[in-house]
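Report on the structure given below.
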Amino acid sequence: MSQKTKKIIRAVGLLVFLALGIKILTPYVQSIPESLGALKHLNYGLLALVIFFEFLKYLSSGNLINSIIGLFKNHVSVWQATMIVLASSSFGMVGGGMAGSAASTFQWLRERNVKGQAALMAGILPILFSAASVLVLALVGMIYLFEIGKLTTPQIRGFLIILALIGLALVFIFLFFRNSQKSKNFVLKVVAKMEKITKKNYEKEKILQQVDEAFEIRDFFFQKGWKNMLFANSLIYIFDLLSMYFLFLAAGMQISPAVVLIGYGLPLILGKASFVLPGGIGVVESSMIELFQHVGVPYAESVVVALSYRFIAFLVPSILGFILVFVMQKKDKNKDFNSKMHVE
0 MSQKTKKIIR AVGLLVFLAL GIKILTPYVQ SIPESLGALK HLNYGLLALV
50 IFFEFLKYLS SGNLINSIIG LFKNHVSVWQ ATMIVLASSS FGMVGGGMAG
100 SAASTFQWLR ERNVKGQAAL MAGILPILFS AASVLVLALV GMIYLFEIGK
150 LTTPQIRGFL IILALIGLAL VFIFLFFRNS QKSKNFVLKV VAKMEKITKK
200 NYEKEKILQQ VDEAFEIRDF FFQKGWKNML FANSLIYIFD LLSMYFLFLA
250 AGMQISPAVV LIGYGLPLIL GKASFVLPGG IGVVESSMIE LFQHVGVPYA
300 ESVVVALSYR FIAFLVPSIL GFILVFVMQK KDKNKDFNSK MHVE
């Protein structure tokens, strides 16, 4: 493929990404006046602290990336790692969801001379950590709400769907990594079926080598790096919970930290299941407002906190992430050009 063709494909891809991004973000952008109206009701000093906690949350996400690739003796600056987190998250909204986010993380890390194994794990593990963390936090809220009889049918349905999907994924991962030889046999059977379906031959030796590498990564994880990764992942949610807690304080409400836990995890996990729930993209905000009311927060304050949180923690980072996708692509393009000039 010629260099000119690659440039055309890249330009078309970016235009398609921009168009889809605008379409996806439009409903959120239309809600900006409402969100800004909510922010006006907050104490600005405490609001600044909320923004600071969200900033620390994304720095912690970048630190998680570095804690993963550090197992393979690789490192990128915390700013680059944080930019990759923001950009890959927004990329995943448009292109392939979690798979698109993982793939873009892999690509941008590889272009920064990170080993393939390290880049692959940095793309996959944060997604698994996020799913498990939100699941645990949602479970805490669900148990309490179930005891007081405040769970709605859509909330129960959405939680059970996500619980089943994550549970199946965790069971599969556990069984796969129990025995390397059985896993290889399983992979070979899958490859054989794929060859029959696609009428193509796959490099079995290379695939088996990748299975061996996956088991090496498992050993790395349990022997060396799980504590650092667990700590980095915990900081992400600690800072996010602190930001929501201080939003309540900024709205003039003294609440128990338990209220934040109850109204935090379940709406986020319902958001992951919004493709099967009524309400679409508004399911997170509406669920937060409803749950906060169930535990005694007045409607007005519930609306202010929910809208402010989604604006600060989701909308602003998403828009910034879309911008960073183009910045990352431009940097990679300049890097390719400089490498070519150096070779010449």
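343 is the number that numbering that gives the first Met the number 0 gives the last residue of the sequence shown; the numbers go up by one with no jumps. For each residue, glycine too, the CB sits at the ideal point set by N, CA and C.
Within 8 Å: the Cβ of residue i and any heavy atom of the ligand SAH?
i, result
"residue 321", "Inclusion of the ligand SAH in the displayed structure is not the case, the ligand content being empty and no account of it being possible."
Relative to the C-alpha of residue i, which candidate in the options has its C-alpha closest?
i, options, result
"residue 230", "125, 165, 315 and 86", "125"
"residue 244", "32, 49 and 42", "49"
"residue 141", "210, 158 and 170", "158"
"residue 285", "295, 306 and 294", "306"
"residue 79", "310, 61 and 69", "61"
"residue 179", "205, 210 and 199", "210"
Along the chain, where does the alpha helix (DSSP H) containing residue i start, and where does it finish?
i, result
"residue 232", "225–249"
"residue 303", "298–309"
"residue 287", "282–293"
"residue 193", "179–197"
"residue 108", "96–109"
"residue 215", "203–219"
Since residue i contacts residue j with CB under 8 Å, what's their CB separation in whole angstroms?
i, j, result
"residue 214", "residue 176", "7 Å"
"residue 304", "residue 291", "7 Å"
"residue 308", "residue 246", "6 Å"
"residue 130", "residue 160", "13 Å between Cβ atoms; not a contact."
"residue 268", "residue 134", "6 Å"
"residue 183", "residue 162", "No, residue 183 and residue 162 are not in contact; Cβ-Cβ is about 30 Å, not under 8 Å."
"residue 121", "residue 68", "5 Å"
Exercise for review: Go through the stretch 22–80 residue by residue and report every complete run of the alpha helix (DSSP H) that reaches 4 residues or more, in order.
Suggested key: 31–38 and 43–68
Check your understanding: Quick one: any contact between the stretch 143–153 and the stretch 102–117, if contact means 3 or more CB pairs under 8 Å?
Key -> no
Check your understanding: Which runs of the alpha helix (DSSP H) spanning at least 4 residues fall entirely within the stretch 140–165, listed in chain order?
Key -> none
Check your understanding: Would you say the stretch 250–270 touches the stretch 296–307, given that touching needs at least three Cβ pairs under 8 Å?
Key -> yes
Review point. Counting Cβ pairs, one atom from each stretch, are 3 or more of them under 8 Å apart for the stretch 45–61 and the stretch 222–236?
Key: yes
Point to revise | Inter-stretch contact at 8 Å, needing at least 3 Cβ pairs: the stretch 256–271 / the stretch 75–91 | key: no
Review point. If you pair each beta-carbon of the stretch 79–89 with each one of the stretch 316–323, do three or more pairs fall below 8 Å?
Key: yes
Review point. How about the stretch 110–117 and the stretch 73–82: do they share at least three Cβ pairs that are nearer than 8 Å?
Key: yes
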